[in-house]
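A.B. asks: My questions all concern the structure below.
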Amino acid sequence: MTDMHSNDGPYLSVEDLVVHFPTADGIVKATDGLSFTLGRGKTIGVVGESGSGKSVSSSAILGLHRGSSAQVSGRIVLGGTDLLMLSDEEMRLRRGKEVSMIFQDPLSAMHPYYTVGNQIAEAYLVHNDVSKKAARARTLEMLERVGIPQPDRRIDDYPHQFSGGMRQRAMIAMGLINDPGLIIADEPTTALDVTVQAQILDLLQDLQREFNSAIIIITHDLGVVAEMADDVLVMYAGRAVEYGPTKDVLTHPQMPYTWGLLSSVPDVQGDTNAALIPIPGNPPSLLNPPTGCAFHPRCVHRSKVPADLCTTTLPELLPGSQGPGHTKRCHLADPDELYRTEILPEIMPDLIVED
Amino acid sequence: MVAYIIRRLIAGVVLLVVMSIVTFALFFASPIDPAQFACGKNCSPAMKAQTAASMGYDDNFFAQWGKFAKGVFVGRDFPDDPKLKITAPETIAHCAAPCLGYSKERTSTVTDLIKQTMPVSLSIAVVAFAFWIIGGVLLGVIAALKRGTLIDRGLVGLSLVLYAFPTFFIGLLLLKFVAIQWNWVPVPEYTPIAEGGITGWLSSLLLPAITLAVFFMAGYVRMTRAFVLESLSEDYVRTARAKGLPKRTVTFKHALRAALTPIVTMAGLDFAGLMGGAIITESVFNYPGLGKLAVAANTDFDLPTLVGLVILLASFVIIANIIVDVLYAVIDPRVRLS
């Protein structure tokens with residue numbers, strides 16, 4: 000959010016991004032009017048349940064829907080260029096060079112038949128007119144940088160010979176070898192052990208400082224968001240439902256869905272009496288989303304909104320009580336009060352006692 | 000890698016021994032007495048005993064199998080009678096190693112029968128294999144890359160139609176129209192390379208090979224298409240795209256290589272099966288191959304020939320399996336290194 004008002008504009012600005020997939024049963028509205036900005040060196044966390052449109056949106060930034068039946072519209076301005084206006088070939092040349100992606104499960108995201116070194120060097124060779132030898136040297140350098148021990152020996156290993164954490168490090172080396180301005184990390188730690196997760200997140204942060212890159216981190220883990228992200232964007236049914244600076248959103252959430260996400264996080268230091276409250280129901284169908292606020296079928300607070308507004312009218316993404324930088328999509332009149340009196344005592348009783 | 004191949008070879012030999020015992024046992028269990036059958040209708044018990052002795056049918060099961068196995072390595076005589084060898088050597092048929100038995104019906108060793116017929120079957124198999132692999136895989140890849148287009152639907156539809164036609168029908172159709180009615184090619188008659196040279200050999204194989212290839216090709220188009228589509232949706236293909244690789248590299252280096260692995264397996268085994276003779280195709284075109292020999296031997300209960308053919312065919316499949324396994328290890332590093 001800090002770069003929002005700078006003269007050059009933000010490094011990345013996504014405006015009204017729409018990704019629709021026409022199917023035999025109708026249009027799947029995977030992403031429906033998503034907007035956010037991201038500055039150089041900053042991190043945004045995109046949070047939501049599976050099927051909320053997180054990965055689809057980030058794939059759109061990378062232009063991975065090109066060549067499929069997906070209909071993508073809106074604007075994705077990266078460093079002053081609208082990526083959606085580029086030709087397929089121009090977009091390809093930016094892919095992996097200016098924007099790169101770190102995928103969720105490195106075992107399936109790496110080709111089983113080629114060595115790790117080959118696959119990383121390939122990413123370098125395609126964007127740099129250098130010899131194979133130079134690409135190999137650069138690969139070694141990157142492997143060393145991401146903390147692979149004995150990189151000169153491991154470079155010729157196959158992905159299945161690496162451990163999960165090592166594979167993810169190699170994936171990061173692959174994503175960062177061209178020093179991209181924007182890195183999209185799609186659940187980079189989901190497939191890893193908890194102890195390894197922290198190492199990978201630390202590594203990402205180190206590299207971010209070193210290269211001053213912008214990071215979009217897609218996750219359903221609010222712990223990851225709390226550690227990594229400057230801003231957080233909560234997605235539900237293809238739309239942003241709450242968006243603001245991380246600290247603000249996590250301490251003063253304004254939207255029942257965000258409350259639900261917070262209530263679902265186990266807290267190791269918390270009171271053992273604290274309830275772990277799952278969000279009832281399932282994510283909605285993107286083919287046939289609920290009318291009004293898409294969250295209303297699962298929302299326990301909708302009776303507090305008068306005149307069935309929740310079921311009939313889609314709330315706008317508007318600033319709440321926390322200033323213009325923190326927006327939410329909810330009809331509730333005073334969500335702060337509700338959160339303090341009803342939600343917080345349930346999920347963090349010890350916090351209330353101290354108050 | 001070498002240890003892996005050796006392990007596979009040893010397993011193959013064991014499998015071959017077991018398989019030959021099973022084959023032997025199956026024919027042993029047959030309700031027809033082979034000695035009676037070979038001796039004929041008006042056979043006295045003495046004559047039958049004599050026939051049984053000359054054919055080696057009077058021994059117990061394991062002794063018979065032992066003689067057979069020994070014959071494969073050192074050859075054997077029919078009848079194996081030292082006295083007769085001195086008194087009437089002209090009545091003894093010698094079966095040189097590798098001896099797979101002696102057919103009284105055909106007054107020939109099984110090995111010789113195979114030597115005569117196998118080139119025919121092998122020729123058809125090789126040429127048909129080339130047709131269907133090149134055609135089937137190529138068209139399958141095209142269909143997958145053009146998924147959902149008219150080309151894709153046309154190819155899939157066509158392969159379904161071709162797959163539905165029985166081989167003998169396609170064979171007769173080709174024979175009737177291409178060779179006889181339109182006279183585009185002469186009526187095919189098997190010509191060995193020694194006689195007609197490469198061109199004569201190839202042109203004599205054209206129609207039978209196409210007949211055989213059409214059926215397989217139809218299957219391979221669909222199979223290849225499915226494998227390529229599956230591999231195009233793999234995560235590592237998405238990674239390859241995300242790296243900014245050109246479409247060509249993504250398709251050929253990343254997607255196709257993985258898709259070809261299962262096709263290699265299928266192709267190896269199908270080819271091995273075909274080497275044992277394409278019964279219908281050989282019958283339609285009247286080509287004297289292994290398939291026709293097997294049918295004839297089956298009709299007149301030529302036990303030695305049948306046993307020899309079954310063991311030969313089985314060893315083809317076993318060998319092909321080993322080759323496929325080794326190829327697999329060459330293609331897929333996960334197999335090689337685990």
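From first to last, the protein sequence lines are chains F and P. Going left to right, the first sequence walks through residues 0 to 354 as numbering that gives the first Met the number 0 numbers them. Going left to right, the second sequence walks through residues 0 to 337 as numbering that gives the first Met the number 0 numbers them. Virtual Cβ for every residue (Gly too), placed ideally from N, Cα, C. The structure displayed is predicted, hence computed values, not measured ones.
Sorted by chain position, which residues of the same chain lie with C-beta nearer than 7 Å to L8/P's C-beta, five sequence neighbours on each side aside?
C.D. replies: Position 9 of the second sequence, counting from 1, holds the residue named residue 8/P. Answer for L8/P: I321, listed in chain order.
A.B. asks: Is L259/P close to chain F? Criterion is C-beta to C-beta, closer than 8 Å.
C.D. replies: For the purposes of this step, residue 259/P is taken as the residue at position 260 of the second sequence. False, the Cβ-Cβ gap to chain F never drops below 8 Å.
A.B. asks: What residues from the stretch 40–63 of chain F come within 7 Å of chain P, judged by C-beta to C-beta, listed N to C?
C.D. replies: L61, L63
A.B. asks: Ordered along the chain, which non-local residues of its own chain (more than five positions away) have a Cβ less than 7 Å from that of H64/F?
C.D. replies: Locating residue 64/F in the first sequence gives position 65, counting from the first residue. Contacts found: V18, S58, V71.
A.B. asks: Any beta-carbon of chain F closer than 8 Å to the one on K145/P?
C.D. replies: If you number the second sequence from 1, residue 145/P lands on position 146. No, because no Cβ of chain F sits closer than 8 Å to the Cβ of K145/P.
A.B. asks: List, in chain order, every chain F residue whose beta-carbon is nearer than 8 Å to that of A241/P.
C.D. replies: Counted from its first residue, the second sequence places residue 241/P at position 242. Correct list: L61, L63, R94, G95, S99, M100, F102.
A.B. asks: Whose Cβ in chain P lies nearer than 7 Å to the Cβ of M109/F?
C.D. replies: Walking along the first sequence from the start, residue 109/F turns up at place 110. Residues of chain P passing the Cβ test: Y235, T238.
A.B. asks: Mind pulling the chain F residues with CB within less than 7 Å of T256/P?
C.D. replies: On the second sequence, residue 256/P is found 257 positions in, with the first residue counted as 1. According to the sequence shown, residue 256/P is Arg rather than Thr. Those within 7 Å of R256/P in chain F are Y112.
A.B. asks: To which residues does DSSP link H19/F through a beta bridge?
C.D. replies: Taking the first residue of the first sequence as position 1, residue 19/F is located at position 20. DSSP lists K28/F, Q70/F as partners of H19/F.
A.B. asks: Leaving out the 5 sequence neighbours to the left and right, which residues in its chain are closer than 7 Å to Y123/F when beta-carbon positions are compared?
C.D. replies: Taking the first sequence and counting its residues from 1, the one referred to as residue 123/F is at position 124. Taken in chain order, the residues that qualify are A134, R137, T138, I176, N177.
A.B. asks: Nearest to K96/F by CA position, among Y113/F, E341/F, P179/F, is which residue?
C.D. replies: To locate residue 96/F, count along the first sequence from 1; it is residue 97. Of the candidates Y113/F, E341/F, P179/F, the one whose C-alpha sits nearest the C-alpha of K96/F is P179/F.
A.B. asks: With 7 Å as the limit, tell me which residues of the stretch 115–135 of chain F have their beta carbon closer than that to any beta carbon of chain P; keep them in chain order.
C.D. replies: E121, A122, V125, H126
A.B. asks: Counting only beta-carbon atoms, is L244/P nearer than 8 Å to chain F?
C.D. replies: Sequence index remark: in the second sequence, residue 244/P carries index 245 (1-based). Chain F contact via Cβ: present.
A.B. asks: I'd like the span of the beta strand (DSSP E) that includes S99/F, first residue to last.
C.D. replies: The count along the first sequence starts at 1 and reaches residue 99/F at position 100. Here the beta strand (DSSP E) through S99/F covers 98–101.
A.B. asks: Give me the residue from F26/P, L211/P, A266/P with the minimum Cα distance to A277/P.
C.D. replies: Here residue 277/P refers to the residue found at position 278 of the second sequence. Comparing Cα positions, the closest option is L211/P.
A.B. asks: Any beta carbon from chain P within less than 8 Å of Y256/F's own beta carbon?
C.D. replies: One-based indexing of the first sequence puts residue 256/F at position 257. No - not a single Cβ of chain P is within 8 Å of the one on Y256/F.
A.B. asks: Runs of 3 residues minimum, wholly inside the stretch 132–191 of chain F: which ones carry the beta strand (DSSP E) assignment?
C.D. replies: Correct list: 181–185.
A.B. asks: Please work out which residues of its chain come closer than 6 Å, Cβ to Cβ, to I60/F, disregarding the five sequence neighbours upstream and downstream, and give them in chain order.
C.D. replies: Within the first sequence, residue 60/F is the residue found at index 61, counting from 1. Counting only Cβ-Cβ distances below 6 Å, and skipping sequence neighbours, we find I75.
A.B. asks: So the beta strand (DSSP E) F251/P belongs to, where does it begin and stop?
C.D. replies: Counting from one through the second sequence, the residue named residue 251/P turns up at place 252. For F251/P, no beta strand (DSSP E) segment is defined, and its DSSP state is neither H nor E.
A.B. asks: Below 6 Å CB to CB, which residues in the same chain sit around W200/P once its five sequence neighbours on both sides are set aside?
C.D. replies: Translated into the one-based positions of the second sequence, residue 200/P becomes position 201. Hits under 6 Å: T190, I192.
A.B. asks: Going straight from the alpha carbon of M214/P to that of S202/P, what length do you get?
C.D. replies: Along the second sequence, one-based indexing puts residue 214/P at 215. Along the second sequence, one-based indexing puts residue 202/P at 203. This sequence places Phe at residue 214/P; Met is not what is there. The C-alpha of F214/P lies about 20 Å from the C-alpha of S202/P.
A.B. asks: Report the residues of the stretch 138–164 of chain F with a CB closer than 8 Å to any CB of chain P, ordered along the chain.
C.D. replies: Y157, H159, Q160
A.B. asks: Which residues of the stretch 315–333 of chain P have a Cβ closer than 9 Å to any Cβ of chain F? Give them in chain order.
C.D. replies: Per Cβ criterion, the list reads I330, D331, P332, R333.
A.B. asks: For L305/P, which residues of its own chain have a beta-carbon under 6 Å away from its beta-carbon, when the five flanking residues on both sides are left out?
C.D. replies: Working through the second sequence from its first residue, we reach residue 305/P at position 306. Beyond the five residues adjoining it in sequence on each side, L305/P comes within less than 6 Å, by CB distance, of A296 in the same chain, given in chain order.
A.B. asks: Please report the distance separating the alpha-carbon of T264/P from that of Y327/P.
C.D. replies: Taking the second sequence and counting its residues from 1, the one referred to as residue 264/P is at position 265. Taking the second sequence and counting its residues from 1, the one referred to as residue 327/P is at position 328. Whole-angstrom Cα-Cα distance: 8 Å.
A.B. asks: Could you please give me the residues that DSSP links to P318/F through a beta bridge?
C.D. replies: Stepping through the first sequence from its first residue, residue 318/F is reached at position 319. Looking at the DSSP assignment, P318/F forms a beta bridge with T326/F.
A.B. asks: Please report how far the alpha carbon of V334/P lies from the alpha carbon of R168/F, in whole angstroms.
C.D. replies: On the second sequence, position 335 is the one that residue 334/P refers to. On the first sequence, position 169 is the one that residue 168/F refers to. Taking the straight line joining both Cα atoms gives about 24 Å.
A.B. asks: Assign V129/F to one of three DSSP states: helix, strand, or coil.
C.D. replies: Counted from its first residue, the first sequence places residue 129/F at position 130. In the structure shown, V129/F sits in coil (DSSP, three-state: anything other than H, G, I, E or B).
A.B. asks: On the CB-based measure, 16 or more other CB atoms within 10 Å of its CB, does P158/F come out buried or exposed?
C.D. replies: The residue labelled residue 158/F in the question sits at position 159 within the first sequence. P158/F comes out buried.
A.B. asks: Please tell me whether R166/F has its Cβ less than 8 Å away from any Cβ of chain P.
C.D. replies: On the first sequence, position 167 is the one that residue 166/F refers to. Not one chain P Cβ lies under 8 Å of R166/F.
A.B. asks: Suppose the cutoff is 7 Å on Cβ atoms and the five residues either side in sequence are ignored; what does the same chain contact list for A95/P look like?
C.D. replies: The residue labelled residue 95/P in the question sits at position 96 within the second sequence. Contacts found: G74.
A.B. asks: Using the three-state DSSP reduction, which class does V184/P fall into: helix, strand or coil?
C.D. replies: To locate residue 184/P, count along the second sequence from 1; it is residue 185. The answer is coil: DSSP assigns V184/P none of H, G, I, E or B.
A.B. asks: I need the DSSP call for G44/F, collapsed to helix, strand or coil.
C.D. replies: Locating residue 44/F in the first sequence gives position 45, counting from the first residue. Collapsing the DSSP output to three states places G44/F in a strand.
A.B. asks: So, under 8 Å CB-CB, A163/P and R224/P are touching, yes? Tell me the CB distance rounded to an integer number of Å.
C.D. replies: Here residue 163/P refers to the residue found at position 164 of the second sequence. Here residue 224/P refers to the residue found at position 225 of the second sequence. Rounded, the Cβ-Cβ distance is 17 Å, inconsistent with contact.
A.B. asks: Just the chain F side, please: which residues come within less than 8 Å of H253/P by C-beta, in chain order?
C.D. replies: Residue 253/P sits at position 254 when you count from the first residue of the second sequence. Neighbours of H253/P on chain F, chain order: H110.
A.B. asks: Using a beta-carbon distance below 8 Å, is R301/F in contact with chain P?
C.D. replies: For the purposes of this step, residue 301/F is identified with residue 302 of the first sequence, where counting begins at 1. No - not a single Cβ of chain P is within 8 Å of the one on R301/F.
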